[in-house]
Amino acid sequence: GGGTGGGGASAGPIKLTDGKLVLAVINDQSAVYAELSGKNAVEAVKMAVEDFKAKYGENVFGGTVDVITADHQNKPDLASSKAQEFYERSNADVIFDVPTSSAALAIAKVANDEKRLYINITAATTDLTGPQCNKYTFHYAYDTYMLAAGTGVWVTQNVGKSWYIIYPNYAFGQDMEKSFRNAITKTGGTIVASDGSPFPNQTGDFSNLLVKAGSLKPQVLGAMQAGGDLVNVVKQYNQFKLKDQNIQLAIGLLFDTDITALGSDAYAGVVYTTPWVWNMDDQARTFADKFLKRTNIRPTFAHAGNYSAAWQYMDAIRRAGTDDPDAVVKQLEGYKFNDFFIRNGYIRPEDHWVQHDALLAQVKPASDVKEKFDYSKVLGTLKAEQVSRPLSETGCQMPK
Amino acid sequence: MSGRYPRIAMVVGSAVVALVLPRVIYSVLALDILLWALFAMSVDLLVGYVGLLSFGHAAFWGGAAYVAALLARDLRLAFPLAALAGVLAAMALAVPVGYLSIRRRGIYFAMVTLAFAQMLFYLVNELRGVTGGENGVQGVPRLLWGVSVTRPGDFYYAALPLVLLGYLAVYRVTRSPFGHVLAAIRDNEARAQALGYPTPRYKLVAFVLSAGIAGLAGSLYAIGHGFASLDLLHWTTSGTVVLMVVLGGTGTLWGSLVGAAIVLFLRDQLSSVTEASDAVTGAILIAIVLGFRRGLWRSLAALPARAVRRLART
Amino acid sequence: MPPFTTRRTIRSPILARTDGFAVETRGVTKEFAGFRAVNGVDLRLEAGRVHALVGPNGAGKTSLFNLLTGFLKPTSGEVLIFGRDATHLRADEIANLGVARSFQITSLFEQLSALEHVLLALQSATDLGLRFWSSEGALRRFVPRGRELLGEVGLEGAADRLASDLPYGQKRALELAIALAREPRLLLLDEPTSGMGLEDVGRTIALIRQVAGGRTVLLVEHNMGVVAEVAQRVVVMQQGRVIADGPYEAVRHDPAVIAAYLGQVDA
Amino acid sequence: MRRGPRRTSMDLGYATLQVFNGLVNGAFYALLSLGLAVIFGMLRVVNFAHGAFYMLGAFAAYLLQLELGIGFWPALVLAPAAVALVGIAVERLLLRRLYGLDPLYGFLLTFGLTLLIQDGMRVRFGLQGQPYATPTELGGSLSLGAIAYPAYRLFVIAFSLAVCVAVWYAIERTRLGMVVRASIERRDLTRAFGISVDRWVTGTFAFGIALAGLAGVLAAPMRNVSPTMGAEPVILTFAVVVIGGMGSIAGAVVAGFAVGVLASLGAIVNPALENILVFALMAVVLLVRPAGLFGSLEAR
Amino acid sequence: MLEVAGLSAWYGQAQALKKVAFRVDDGELITLVGRNGAGKTTTLRCLVGLHREMEGRIVLGGEEISGWSPERRARAGLGFVPDDRGIYATLTVDENLTLPPQVGPTAWPLDRIYATFPVLRERRRASGAKLSGGEQQILSIARALRMGARILLLDEPTEGLAPVLVQQLREMLLDAKREGLTALLVEQNLRFATAVADRHYLLAQGEIVETLDNAAVAVRERELLRHLGV
Ligand SMILES: Nc1ncnc2c1ncn2[C@@H]1O[C@H](COP(=O)(O)OP(=O)(O)OP(=O)(O)O)[C@@H](O)[C@H]1O
Ligand SMILES: Nc1ncnc2c1ncn2[C@@H]1O[C@H](COP(=O)(O)OP(=O)(O)OP(=O)(O)O)[C@@H](O)[C@H]1O
Ligand SMILES: [Mg+2]
Ligand SMILES: [Mg+2]
């Protein structure tokens, strides 16, 4: 892979403020999101550093480049103290990834206090570019608005207009519910009912909501759960045979790992939105092959997003000629670019949302799966503007 | 302790250690150790001195943390006041919880407190309008009458007097006439009752005091880290603090400090050494239960005596 | 339940004075899951005397003890202690009326020293107990009296030993010391000499005699030697009821008592 | 909670189905708390690791399927047996050293064991769910009058009820329960009465663990098979056990089903109630009957 | 029947028994007397295998059993009434009685036990914890009888018993002896001991200091009482 972005002042030798560049990855390495980003996201960032050096010369930064990492176990307190420690003690210049919205919001706050960069990749909350936006935080890859604008709209238009939404009752789920509600009603659909499921769900049981779905008889059951919860919902959706009652399943956020957990037949036909699929085209596949060689798995969009974000961050330093955070922010703001992950990319200066095209994909039945991790078929592209929250709706007051 | 001088030396020594600690280890970790130790002492106050193993002390640590964090953020209270409010909230919560829990003892007490803490966990999660649910209470300022103590290193020193006050409180309670009655109740409750002590009242007071101490630690922890989260209320938090107490040795307040330091230090180090830090923690706990039931502090403290005895024999 | 008047039937001439009772029970009954361990007992203990409670095993002596001291709640009936209705009081409240007891099975604080036991008992008469803010130095004023008490029961040398390390006989002596520390007006002792060697039995007899001065004492004993030596009055129970009541010599020859409890000869 | 306009018309069928859902959840509570009660009642050990063994049961079924192609029905026997073997090792190597000590040590040891097992499985298998299919024989739905309900779930209810009754009979009506209770209460003395304590105790522990494993196998086709699947249920089970009365076999079963149904009915009003209701119920029981519905305070 | 030689026992550093030796022949009833702490209980615990810090020979019916596990010794015919009664609090009276296996032909059937000890029959469904002190003592003795042991080891069985029961116990032991019972009895109550036993071993500070027969006890009663007391 590599950046194909053009423009930007390509200054001479780069001056690092403290003689070295430290890229930090804070994410979940031991709990529910460990598979979809985790240690392999760290590998992705390391790959980006190596590739960047290969392209621009080993000594491009005139100093060492370190990649450091910490496990936040999805705990916002741990995330924030790790971030604090990284910025302060390890002189980290930037933090990447941070799945789990609460942890991401906590780190955004630290970044702002410490005046260092934070580029979010795996957290979905729109608050990062909304009320809690700040000068040093960027939101890459995807957010709940994108998912709703894709899946919510398409399913309402093509599958059914009446929805029953079930969502895990916490920040992420509520944000998803709100985004989907907006998207669906705007498209002319109706929401018959929407229920929050307890989070965490102690028993892994969702049968009450599915039974309720059976009696509400909506055309679409919108499941906003993620990870293990989602797997349970889908398992039980199939057990209660809701499909036979013509209640179609729509899923808010789907990762390949969720499909692996049940096999793709359990999901067959489900349409979902994703920023990226590893075999969407040659450029993506080239990266995916390289990644497979290194990690033995195909990259999720979180892995690819980490690579891409790290690359773009380093490129901004290269253009700025310094790693001074304010200078780097200036380089990033308003930047237009393309790479193997981001298509039609544009970093909005107003809220730091990195807008780009997304994909509409559909899970294939097991019989169509040709190689490992080849679960989905791309149905089409969603235009960047279409899946980006209008600036008027963000509520972000970006401090200058 | 034998004489007066060793005790004074110990107090002075620990004060010096407390003052220079942030120069030796990362100040956030240093404060964490002191606060978890205080938390562990509050649990030890019950386990070691009343014989009640609370497996739900996260409720008081976390409950107070939420109250303190919300007050500091929304009313912009200076942190000592916010912490005081946290303490009071924890004690208020401890009254009904304690009233119900002390009806059982031994393992039942552990399970009942555990369940109550989980109930609070879900309750706080559901009251997300106030508590922020999974997001927790974020962006808590560290205010000290107008001054904002932004740097963690500064906050360490700002909080130190309160922490030491907490230690002193625990020390005093265990070595008060009240503490003696607690020890008696631990050994033989019926007998204590026959001596005219209304034991339920004593147990309840001890429970509430312990909750207050845990609340102090929790409040300062939340303010120090700038927020309160659900994790502070989760049963694993209760488990961790019990682990610290048992590791250090029940009924020895110093043990709590040793236990807290070891667990936090290990956690800090392990996360970069091994993938399975929980498994290591679990293995340590198993080893302690099987091999060092008296706790590290007592085992260590007994070493010199044992060495002397061995020398004497040869 | 029989009407109030019939319950005042006076069994023993000694009990003619109704105002001097340390303990009075009226039709006290205790049922355990349908089994009546104590069955309508009217007991009157005259202030200042030593009473023995004897009876076959399972007669309900310990249960009655527990009813008097608040460790059990009667199914029906009333308990009056020093004229106060104590039926619904908790164990600690009854203790604070001036009642001290020992237990049939030794019951001490394993990890406290002998002296600490006595201090704890002395302290219980004050309001120091709940003072979690004051220093333990406040207890120092009890030490002289504490040592004195230990001396009285022959434990002066064992003041600093842990209760769990004491031999059986000394444990029982310590129990006695704690009971005495509370300066009780009513002293209840459940088998104080059981498991003791002859020497300790002798000492205990002397001690009970000594402390009995001015106090009401009720002791349960199977050792008739002890009963004969110390008790001024003997109450005999069988199957939850009182079957005899009077001075030792009188009770000893009561045929019902012989059949139910004493057996043919000495023992 | 937002409510759809069509709610009223569906209430009755919905409520009935919720009762069934409650029974399914109750079946799991009952099996888990039954195992806990057997172990506690006889060994005086509160097995914190019960949830971990439940998880191991599900994984055993999954691995049997994956590695040996062994399906659900044989797994129903084999997986609990495999878990029981682990239980035997745990009892022989660890728990055995704690008998006669304060039961809190057993609690702490099994807490440590939970961390060890759970984290060990995570390192080996990761946290993502593992697939396990519903047995084809039970893939369909049964219609019960006007409503239909998945056959597999009905099977879970019936099967666990049968197991509970059998266990109750074995413990209350045969020599087994008595011998093991005696062995735990006075381990050495019981040996001096000619009873091979070790074998009985190990057997009982393994049996209680096998019940957890069995619950795990039953859960595999319905719930996410992952290393943390047992972490939360075990806490709920504690509440159930307190409600039923610790160590009471009948209490565990009755409270298990009752709590399941009650929580599900609560969920009709508000899904969030499901979690809180159980603990609130526990508080009420403690207030009015501290020993639990079927417990006795004497055996504390 | 039972022969003990060179039996020493320790509690940590402290030696509780010093080369104790004695024998109990078939059909004999022997007592071990001595003041508190002499080592009587320790001796019995060594015999049944509950005290492990020991050395010495224990021979039961010609077989050396000191290496055996407690359960094996019990099945070989040792019946034990411990000094703390050893009642199972969580088992009912019935269960307490039927718990140990019946190991010999002289095992008492339940009916006989309940006929002999009517107190127990009344409480047969009550749990052990709820029995009075004396009832527990009786239950403990009854349990040993029910096992049908070849030799009974009784540790202070009269402790806490009402006089009438002490007499009953005496009659019962005498009856059983006529039926061929062999027993080793630990007693502080000399009267009781002389009434039922054939021979007495006097234990002091872990050593057997004297062997006495009933006649000798009668003659030296005062001296012995002093010895036991002081
Ligand atoms: N908690 C209880 N539950 C059921 N029955 C009980 C309980 N406590 C005592 N009992 C029964 O009540 C009766 C009286 O017991 P108690 O302990 O009062 O007898 P006691 O006269 O002290 O006998 P001993 O001389 O043997 O100590 C006994 O039959 C006993 O089994
Ligand atoms: N668990 C123990 N730990 C340490 N020493 C013990 C222990 N049990 C007994 N001893 C000591 O061993 C010696 C013998 O005790 P043992 O119990 O055998 O005496 P005994 O003759 O049965 O006395 P008693 O008449 O009081 O029952 C005593 O000195 C006692 O202090
Ligand atoms: Mg009694
Ligand atoms: Mg003895």
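Chains as they are written, first to last, in our numbering: chain A, 75 to 474; chain B, -4 to 309; chain C, 213 to 479; chain D, 380 to 679; chain E, 3 to 232.
Just so it is clear, CB atoms sit at the ideal spot from N, CA and C, and this is done for glycine as well.
key: D/Arg386 at chain E interface by Cβ criterion, 8 angstroms   = If you number the fourth sequence from 1, residue 386 of chain D lands on position 7. Caution is warranted here: a pLDDT of 46 is assigned to D/Arg386, below 50, making its placement in the model unreliable, and no coordinate value can be reported.
key: Cross-strand partners of A/His213 (DSSP beta bridge)   = Counting from 1 along the first sequence, the entry for residue 213 of chain A is found at position 139. A/His213 pairs with A/Asn194 and A/Trp427.
ask   = Taking the runs of the alpha helix (DSSP H) that are 4 residues or longer, which of them lie wholly in the region 203 to 255 of chain A?
value = 218 to 221 and 227 to 232
request  = Show which residues of chain A have a CB atom less than 8 angstroms away from the CB atom of B/His220.
outcome  = Taking the second sequence and counting its residues from 1, the one referred to as residue 220 of chain B is at position 225. Neighbours of B/His220 on chain A, chain order: Asp151, Ser154 and Ser155.
inquiry  = Could you give the first and the last residue of the continuous beta strand (DSSP E) run that contains C/Ile455?
reply    = Mapped onto the third sequence, residue 455 of chain C falls at position 243. Its beta strand (DSSP E) spans residues Arg453 to Gly458.
ask   = When DSSP builds the beta bridges, which residues end up paired with A/Ser450?
value = Translated into positions along the first sequence, residue 450 of chain A becomes position 376. A/Ser450 is bridged to A/Val437.
ask   = Which residues, in chain order, does the region 121 to 139 of chain B contribute to contact with chain A at a C-beta distance below 7 angstroms?
value = Gly128, Glu129, Asn130, Gly131, Gln133 and Gly134
ask   = What residues of chain A sit near B/Val23, judged by a beta carbon separation below 8 angstroms?
value = Numbered from 1 along the second sequence, position 28 holds the residue referred to as residue 23 of chain B. Residues of chain A passing the Cβ test: Ser155, Gln158 and Glu159.
ask   = Along chain C, which residues have their Cβ under 7 angstroms away from the Cβ of B/Ser171?
value = Locating residue 171 of chain B in the second sequence gives position 176, counting from the first residue. Those within 7 angstroms of B/Ser171 in chain C are Arg343, Phe344, Trp345, Ser346, Ser347 and Glu348.
request  = Note down, in chain order, each residue of its chain lying with its Cβ closer than 8 angstroms to the Cβ of B/Gln188, except the 5 sequence neighbours on either side.
outcome  = Here the question's residue 188 of chain B lines up with position 193 in the second sequence. Hits under 8 angstroms: Thr194.
key: Where A/Ser154 falls, given that 16 or more other Cβ within 10 Å makes a residue buried   = Mapped onto the first sequence, residue 154 of chain A falls at position 80. Its Cβ being crowded by 16 or more others within 10 Å, A/Ser154 is buried.
message = If we define contact as Cβ-Cβ less than 8 angstroms, is E/Ser134 a contact residue for chain D?
response = Looking up residue 134 of chain E in the fifth sequence gives position 132. No, because no Cβ of chain D sits closer than 8 angstroms to the Cβ of E/Ser134.
request  = For B/Gly174, return the contacting residues in chain C, with the cut-off set at a CB-CB distance below 8 angstroms.
outcome  = The residue labelled residue 174 of chain B in the question sits at position 179 within the second sequence. Under the 8 angstroms cutoff, chain C gives Phe344 and Glu348.
request  = Could you tell me whether any Cβ in chain D is nearer than 8 angstroms to the Cβ of B/Tyr162?
outcome  = Residue 162 of chain B sits at position 167 when you count from the first residue of the second sequence. False, the Cβ-Cβ gap to chain D never drops below 8 angstroms.
task = Just tell me which of A/Val351, A/Gln310 and A/Ser382 has its CA closest to the CA of A/Thr331.
result = Numbered from 1 along the first sequence, position 257 holds the residue referred to as residue 331 of chain A. Ranking A/Val351, A/Gln310 and A/Ser382 by Cα distance to A/Thr331 puts A/Val351 first.
ask   = Can you find a C-beta in chain B that's less than 8 angstroms from the C-beta of D/Tyr433?
value = The count along the fourth sequence starts at 1 and reaches residue 433 of chain D at position 54. Cβ-Cβ to chain B under 8 angstroms: no for D/Tyr433.
task = With DSSP collapsed to three states, give me the class of E/Gln207.
result = Mapped onto the fifth sequence, residue 207 of chain E falls at position 205. E/Gln207 falls in the coil class under three-state DSSP.
key: chain E contact residues for D/Gly573, given Cβ-Cβ distances below 7 angstroms   = Taking the fourth sequence and counting its residues from 1, one reaches residue 573 of chain D at position 194. Those within 7 angstroms of D/Gly573 in chain E are Glu73, Ala76, Arg77, Pro102, Pro103 and Val105.
inquiry  = Using C-beta distances below 6 angstroms, list every residue in its chain close to D/Asp481, excluding the 5 sequence neighbours before and after it, in chain order.
reply    = The count along the fourth sequence starts at 1 and reaches residue 481 of chain D at position 102. So the list is empty, once near-sequence residues are dropped.
task = Could you work out which residues of chain B lie near C/Asp377, taking near to mean beta carbons separated by less than 8 angstroms?
result = Numbered from its first residue, the third sequence carries residue 377 of chain C at position 165. Within 8 angstroms Cβ-Cβ: nothing; C/Asp377 doesn't reach chain B, min ~14 angstroms.
query = Quick one: is the Cβ of E/Thr94 within less than 7 angstroms of any heavy atom of ligand 1?
reply = In the fifth sequence, the residue the question calls residue 94 of chain E occupies position 92. Every heavy atom of ligand 1 is 7 angstroms or more from the Cβ of E/Thr94, so no.
query = Listing by chain order, which chain A residues have their CB less than 7 angstroms from the CB of D/Arg501?
reply = Locating residue 501 of chain D in the fourth sequence gives position 122, counting from the first residue. Those within 7 angstroms of D/Arg501 in chain A are Ser104.
key: Beta-carbon separation (whole angstroms), A/Cys470 vs A/Asp425, contact threshold 8 angstroms   = Position 396 of the first sequence, counted from the first residue, corresponds to residue 470 of chain A. Position 351 of the first sequence, counted from the first residue, corresponds to residue 425 of chain A. The Cβ separation is near 4 angstroms, so the contact holds.
ask   = According to DSSP, is C/Pro214 helix, strand or coil?
value = Here residue 214 of chain C refers to the residue found at position 2 when the third sequence is read from its first residue. Model confidence at C/Pro214 stands at a pLDDT of 36, short of 50, so the residue's coordinates are unreliable; what they give is reported in the following sentence. DSSP places C/Pro214 in coil when its eight states are reduced to three.
ask   = When the distance is taken between beta carbons, is E/Ala23 closer than 8 angstroms to E/His53?
value = Taking the first residue of the fifth sequence as position 1, residue 53 of chain E is located at position 51. Taking the first residue of the fifth sequence as position 1, residue 23 of chain E is located at position 21. Contact flag unset, no.
ask   = Which chain D residues are close to E/Pro84, counting only those with a beta carbon under 7 angstroms from its beta carbon?
value = For the purposes of this step, residue 84 of chain E is identified with residue 82 of the fifth sequence, where counting begins at 1. Leu568, listed in chain order.
ask   = Using the rule of at least 16 other Cβ atoms within 10 Å of the residue's Cβ for burial, across every protein chain shown, is D/Arg503 buried or exposed?
value = Position 124 of the fourth sequence, counted from the first residue, corresponds to residue 503 of chain D. D/Arg503 should be labelled exposed.
query = Is any beta-carbon of chain C found at less than 8 angstroms from that of B/Ala189?
reply = As a first step, residue 189 of chain B must be located in the second sequence, where it is residue number 194. It does; some Cβ of chain C falls within 8 angstroms.
key: Residue range of the beta strand (DSSP E) that includes C/Leu431   = Translated into positions along the third sequence, residue 431 of chain C becomes position 219. It spans Thr428 to Val432 - the beta strand (DSSP E) in which C/Leu431 sits, taken as one unbroken run.
ask   = The beta strand (DSSP E) spanning C/Glu198 covers which residue range?
value = Residue 198 of chain C is absent from the structure shown; chain C starts at 213 and stops at 479.
message = Any C-beta of chain D within less than 7 angstroms: which residues of the region 298 to 330 of chain A qualify?
response = Gly302, Val305, Asn306, Lys309, Gln310, Gln313, Phe314 and Lys315
Within 8 angstroms, strictly: CB atoms of D/Glu470 and D/Phe586 = Here residue 470 of chain D is taken as the residue at index 91 of the fourth sequence, counted from 1. Here residue 586 of chain D is taken as the residue at index 207 of the fourth sequence, counted from 1. No, the Cβ-Cβ distance between D/Glu470 and D/Phe586 is not below 8 angstroms.
request  = May I ask you to report which of helix, strand or coil DSSP gives C/Glu360?
outcome  = Within the third sequence, numbered from 1, the residue matching residue 360 of chain C stands at position 148. In the structure shown, C/Glu360 sits in a helix (DSSP, three-state: H, G or I).
message = For ligand 1, I want to know if C/Thr274 counts as a neighbour, meaning its beta carbon is within less than 7 angstroms of at least one of the ligand's heavy atoms.
response = Counting from 1 along the third sequence, the entry for residue 274 of chain C is found at position 62. Yes, since a heavy atom of ligand 1 falls inside the 7 angstroms radius drawn around the Cβ of C/Thr274.
Same chain, Cβ closer than 8 angstroms to D/Ile563, five either side skipped, listed in chain order = As a working note, residue 563 of chain D is residue 184 in the fourth sequence. Cβ within range, chain order: Met421, Leu422, Arg423, Tyr478 and Val580.
key: 7 angstroms Cβ cut-off: residues of chain D touching E/Glu97   = Position 95 of the fifth sequence, counted from the start, is the residue given in the question as residue 97 of chain E. Per Cβ cutoff of 7 angstroms: Met557.
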